[in-house]
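Q: Numbering (UniProt numbering), first residue to last: 1 to 634.
Here it is: the structure, laid out below.
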């Protein structure tokens with residue numbers, strides 16, 4: 001069935017009754033031209049029944065022998081292996097998949113990025129049959145209420161994806177790479193409150209064991225699956241990562257809150273600068289086996305008493321105990337939302353409030369320059385709801401916001417915290433530098449309607465000399481046929497005509513006619529960069545504005561940009577410039593020189609008030625702050 005017939009059949013099935021479908025199919029226009037491959041509603045329904053329905057949901061009742069629950073609980077789940085088949089074989093991801101471990105080196109430095117570029121991928125691959133493919137499983141869950149005013153039922157929604165899909169695609173909500181595979185119940189037991197949490201954790205691990213049974217079998221014996229290119233792969237499925245908050249991670253690792261999840265360090269040893277051995281899964285299982293031989297796991301009071309002596313939570317059978325290649329010390333990851341952005345909001349941001357005062361901090365954020373694509377806060381103290389995105393936006397601007405009101409040592413704390421979170425956000429790591437890897441495109445490419453990509457201005461835009469930056473303006477300008485004096489008056493730039501003539505005189509050749517040439521201009525342009533980490537990819541374009549004076553913007557609206565300048569000596573430097581206007585010579589008249597045929601910017605560079613040589617104390621601390629001032633052409 002082709003696409004047109006599919007869309008027609010889907011429309012009929014969705015919007016019409018069976019009687020109406022039959023009446024439509026009897027129309028002369030339909031019967032005379034053989035518009036459809038089905039002749040009745042029943043045939044249409046039979047065609048639809050043959051379409052693969054994907055993973056089905058199951059329900060099973062969960063019981064805890066010997067303990068009474070307040071209400072019966074049921075586990076709703078999909079077969080995790082079937083969900084993995086569906087994700088792995090989705091043709092939308094054909095150009096965004098990785099199947100083999102690899103290493104990237106640049107100048108002797110190794111780069112770490114995707115899961116396949118790590119050592120764990122090589123360790124697992126070395127233990128698999130020749131030609132086998134790793135399908136790393138990523139799970140995520142968070143306890144959440146799923147009903148309101150109907151019992152306040154709490155469950156753990158469980159989500160699954162695979163690490164074969166590139167991370168920049170996998171983390172987009174619109175990619176639909178994450179699939180909800182289960183709702184794990186949170187039961188209430190009619191027992192002493194001291195035993196409630198451990199019984200709930202045991203039920204959770206039992207549910208996870210049921211959900212992941214197929215994945216565990218595939219990790220041991222492998223399974224054959226079709227990849228997005230319809231090629232058959234022999235796949236093994238280790239648990240590569242489990243994303244959860246800290247309390248849930250302790251529940252997964254089956255340890256108490258007083259010890260580290262991934263090392264043998266105890267709470268009193270945190271921060272002592274010593275590297276402790278990893279808390280290997282085999283170590284935890286060995287402790288549990290010894291404990292279960294000594295005490296019956298279902299004699300909770302005695303079992304918990306002995307478990308706490310070994311820093312164990314009381315769960316006797318972790319769901320990962322028989323999952324090959326799965327180790328909590330490896331698959332439990334630090335969560336950036338809480339360890340980075342939320343940490344900033346709970347601690348350094350509160351310190352900033354104490355130093356500046358609530359009103360002063362709000363006023364400084366309100367006065368900040370507004371730029372398209374960057375979150376602007378009218379006030380940050382009375383926001384009703386703050387997500388991780390808002391915490392990160394505040395965190396990126398806090399150092400400059402508190403400048404001149406805080407001691408240098410206090411600014412260092414804010415800078416270090418922001419730098420730590422920024423490094424955690426990096427998708428790739430090296431020692432100490434990142435660079436790019438060139439990939440060979442396949443000879444044959446399967447074409448599907450895939451994910452929406454960014455517009456590539458490198459194809460038709462104006463490129464910088466090193467082709468690392470693309471500039472784009474609309475075909476139709478915002479104004480046209482204006483003399484230079486118009487620009488001087490509209491943008492309050494009295495030196496604009498003189499600066500323009502000076503620039504024309506630097507162009508080789510004699511161009512007297514250009515002094516009377518009219519100008520056209522734009523209020524904004526788009527700037528697009530190559531990814532610093534992946535130069536074979538490009539970043540989303542950013543809008544740069546240069547608006548004239550108006551009632552809303554009495555001083556204009558001029559965005560700042562970084563400019564790489566080439567000095568007469570041939571060396572390069574970086575300047576910070578404020579874009580005042582975007583303009584070009586009118587194309588009517590004699591042909592323009594190449595250097596004048598593209599749009600031009602009138603920008604004023606900021607002047608640095610001090611250099612590194614003038615700030616030895618900051619150089620010693622390893623933190624470089626610079627204060628800049630406006631620098632206008634006289």
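From the three backbone atoms N, C-alpha and C, an ideal C-beta is built for every residue, glycine too.
Please read all numbers here as calculations on a predicted model, not as lab measurements.
Taking residue 637 as part of the beta strand (DSSP E), name the residues at either end of that continuous run.
A: Residue 637 is absent from the structure shown; the chain starts at 1 and stops at 634.
Q: Could you give the DSSP three-state label for residue 642: helix, strand or coil?
A: This structure cannot speak to residue 642, because the chain is shown only from 1 to 634.
Q: Note down, in chain order, each residue of its chain lying with its Cβ closer than 6 Å to the Cβ of residue 461, except the 5 sequence neighbours on either side.
A: Residue 461 sits at position 461 when you count from the first residue of the chain shown. For residue 461, where only same-chain residues beyond five positions count, the Cβ hits under 6 Å are 470, 471, 472.
Q: Evaluate the contact criterion for the region 343-352 versus the region 280-300: three or more CB pairs, one atom per stretch, below 8 Å.
A: Segments in contact, no.
Q: By DSSP, does residue 103 sit in helix, in strand, or in coil?
A: Position 103 of the chain shown, counting from 1, holds the residue named residue 103. Here residue 103 sits in coil by DSSP.
Q: With which residues is residue 144 paired in a DSSP beta bridge?
A: Counted from its first residue, the chain shown places residue 144 at position 144. In DSSP, residue 144 forms a bridge with 155.
Q: Give me the residue from 185, 186, 159 with the minimum Cα distance to residue 173.
A: Working through the chain shown from its first residue, we reach residue 173 at position 173. The candidate whose alpha carbon is nearest that of residue 173 is 159.
Q: Taking just the CA atoms, how far does residue 566 sit from residue 575?
A: Position 575 of the chain shown, counting from 1, holds the residue named residue 575. Position 566 of the chain shown, counting from 1, holds the residue named residue 566. For residue 575 and residue 566, the distance between alpha carbons rounds to 10 Å.
Q: Roughly how many angstroms lie between the CA atoms of residue 124 and residue 44, to the nearest whole one?
A: To locate residue 124, count along the chain shown from 1; it is residue 124. To locate residue 44, count along the chain shown from 1; it is residue 44. Approximately 48 Å, taken between the alpha carbons.
Q: Among 138, 82, 75, 36, which one has its Cα closest to the Cα of residue 55?
A: Here residue 55 corresponds to residue number 55 of the chain shown, with the count starting at 1. Checked all of 138, 82, 75, 36; the closest Cα to residue 55 is 82.
Q: At the level of alpha carbons, what is the spacing between residue 11 and residue 67?
A: By one-based count along the chain shown, residue 11 stands at place 11. By one-based count along the chain shown, residue 67 stands at place 67. C-alpha separation (whole angstroms): 52 Å.
Q: Between residue 163 and residue 136, is the Cβ-Cβ spacing less than 7 Å?
A: Looking up residue 163 in the chain shown gives position 163. Looking up residue 136 in the chain shown gives position 136. Yes, they are a contact pair.
Q: As a quick exercise: from 76, 50, 274, 315, pick the residue whose alpha carbon is nearest that of residue 62.
A: Within the chain shown, numbered from 1, the residue matching residue 62 stands at position 62. The residue with the shortest Cα to Cα distance from residue 62 is 76.
Q: Who does residue 503 pair with in a DSSP beta bridge?
A: Translated into positions along the chain shown, residue 503 becomes position 503. DSSP output for residue 503 lists no bridge partner at all.
Q: State the DSSP-derived secondary structure class of residue 236, mapped to helix, strand or coil.
A: Stepping through the chain shown from its first residue, residue 236 is reached at position 236. Of the three classes helix, strand and coil, the one that applies to residue 236 here is strand, per DSSP.
Q: Below 7 Å CB to CB, which residues in the same chain sit around residue 19 once its five sequence neighbours on both sides are set aside?
A: Position 19 of the chain shown, counted from the first residue, corresponds to residue 19. Non-local C-beta neighbours of residue 19 in its own chain, meaning closer than 7 Å and more than five positions away in sequence, are absent.
Q: How many Å lie between residue 603 and residue 578 at the Cα?
A: Here residue 603 refers to the residue found at position 603 when the chain shown is read from its first residue. Here residue 578 refers to the residue found at position 578 when the chain shown is read from its first residue. In a straight line, the C-alpha of residue 603 is about 5 Å away from that of residue 578.
Q: Terminal residues of the continuous beta strand (DSSP E) containing residue 522?
A: Here residue 522 is taken as the residue at index 522 of the chain shown, counted from 1. Start and end: 519-522.
Q: Verify whether the separation of the beta carbon atoms of residue 271 and residue 327 is less than 7 Å.
A: What you label residue 271 is simply residue 271 of the chain shown in a count that begins at 1. What you label residue 327 is simply residue 327 of the chain shown in a count that begins at 1. Between residue 271 and residue 327, the CB-CB gap reaches or exceeds 7 Å.
Q: Counting pairs of beta carbons, one from the region 511-518 and one from the region 549-558, are three or more of them closer than 8 Å?
A: no
Q: Between the alpha carbons of residue 3 and residue 374, how many angstroms are there, rounded?
A: Stepping through the chain shown from its first residue, residue 3 is reached at position 3. Stepping through the chain shown from its first residue, residue 374 is reached at position 374. One C-alpha to the other measures close to 41 Å.
Q: When burial is assigned at 16 or more other CB atoms within 10 Å of the CB, is residue 594 buried or exposed?
A: As a first step, residue 594 is located in the chain shown; it is residue number 594 there, counting from the start. Under this definition residue 594 is an exposed residue.
Q: Would you list the one or two residues that DSSP bridges to residue 547?
A: By one-based count along the chain shown, residue 547 stands at place 547. Residue pairing from DSSP places residue 547 in a beta bridge opposite 557.
Q: Rounding to the nearest angstrom, what Cα-Cα distance links residue 102 and residue 161 in this structure?
A: Counted from its first residue, the chain shown places residue 102 at position 102. Counted from its first residue, the chain shown places residue 161 at position 161. Taking the straight line joining both Cα atoms gives about 21 Å.
Q: Could you tell me the alpha carbon to alpha carbon distance between residue 190 and residue 64, rounded to whole angstroms?
A: As a working mapping, residue 190 is identified with position 190 in the chain shown. As a working mapping, residue 64 is identified with position 64 in the chain shown. Cα-Cα distance, rounded: 12 Å.
Q: Less than 7 Å between C-beta atoms, sequence neighbours within five positions excluded: which residues of the same chain meet that for residue 332?
A: Translated into positions along the chain shown, residue 332 becomes position 332. Counting only Cβ-Cβ distances below 7 Å, and skipping sequence neighbours, we find 242, 249, 252, 253, 261, 262.
Q: So, using beta-carbon positions, are residue 211 and residue 244 closer together than 7 Å?
A: The sequence position of residue 211 within the chain shown is 211, counting from 1. The sequence position of residue 244 within the chain shown is 244, counting from 1. In this structure, residue 244 does not lie closer than 7 Å to residue 211 by Cβ.
Q: Distance, Cα to Cα, residue 40 vs residue 53?
A: Here the question's residue 40 lines up with position 40 in the chain shown. Here the question's residue 53 lines up with position 53 in the chain shown. If I take the Cα positions, the gap works out to 22 Å.
Q: Taking the CB atoms as reference points, tell me whether residue 202 and residue 315 lie closer together than 7 Å.
A: Position 202 of the chain shown, counting from 1, holds the residue named residue 202. Position 315 of the chain shown, counting from 1, holds the residue named residue 315. Against a cut-off of 7 Å, the Cβ pair of residue 315 and residue 202 comes out as a contact.
Q: Determine the extent of the alpha helix (DSSP H) in which residue 366 is found, giving its start and end residues.
A: Along the chain shown, read from residue 1 onward, the residue named residue 366 stands at position 366. Its alpha helix (DSSP H) spans residues 358-366.
Q: Using DSSP with H/G/I as helix, E/B as strand and the rest coil, what is residue 663?
A: The structure shown has nothing for residue 663, since the chain only spans 1 to 634.
Q: Specify, as a first and last residue, the run of the beta strand (DSSP E) that residue 470 falls within.
A: By one-based count along the chain shown, residue 470 stands at place 470. Where residue 470 is concerned, the enclosing beta strand (DSSP E) stretches over 469-472.
Q: Measure the C-alpha to C-alpha separation of residue 36 and residue 30 and round it to an integer number of angstroms.
A: Within the chain shown, numbered from 1, the residue matching residue 36 stands at position 36. Within the chain shown, numbered from 1, the residue matching residue 30 stands at position 30. For residue 36 and residue 30, the distance between alpha carbons rounds to 7 Å.
Q: Could you give the DSSP three-state label for residue 322: helix, strand or coil?
A: Taking the first residue of the chain shown as position 1, residue 322 is located at position 322. In this structure, residue 322 counts as coil in the three-state DSSP scheme.
Q: How about residue 134 and residue 236: do their beta carbons lie closer than 7 Å?
A: Here residue 134 refers to the residue found at position 134 when the chain shown is read from its first residue. Here residue 236 refers to the residue found at position 236 when the chain shown is read from its first residue. If you check the CB distance, residue 134 and residue 236 come in under 7 Å.
Q: To the nearest angstrom, report how far apart residue 482 and residue 520 are at their CA atoms.
A: For the purposes of this step, residue 482 is identified with residue 482 of the chain shown, where counting begins at 1. For the purposes of this step, residue 520 is identified with residue 520 of the chain shown, where counting begins at 1. Going by the C-alpha atoms only, they are around 6 Å apart.
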